[in-house]
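S.K.:
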């Protein structure tokens, strides 16, 4: 990575990571509640299911990306 690129991705974006994850989880929960309401299932279970599946897949994608980066970067 170039020095300018590293500077561009550090700093304020680090502070935004946790609030971004929290807001994403909240919106995913609301989408799950909406889906559960449409299918007449438990609202809480629908929200939790949506959050777990979505954040779980994001975590798996992150881990695969890190592994690929380490493998191809040498």
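Residue numbers (my numbering): 15 to 88. In this text, a Cβ means the ideal position worked out from N, Cα and C, and glycines have one as well. Note that the structure is predicted; figures quoted are calculated from it, not measured.
(1) Do residue 42 and residue 71 have their beta-carbon atoms positioned less than 8 Å apart in this structure?
(2) Have a look at residue 59 and residue 50 and give me their C-alpha separation to the nearest angstrom.
(3) Do residue 64 and residue 77 have their C-beta atoms closer together than 8 Å?
(4) For residue 31 versus residue 47, is the C-beta spacing smaller than 8 Å?
(5) Can you name the start and end residues of the alpha helix (DSSP H) that residue 84 belongs to?
M.R.: Short version:
(1) no
(2) 8 Å
(3) no
(4) no
(5) 57-87
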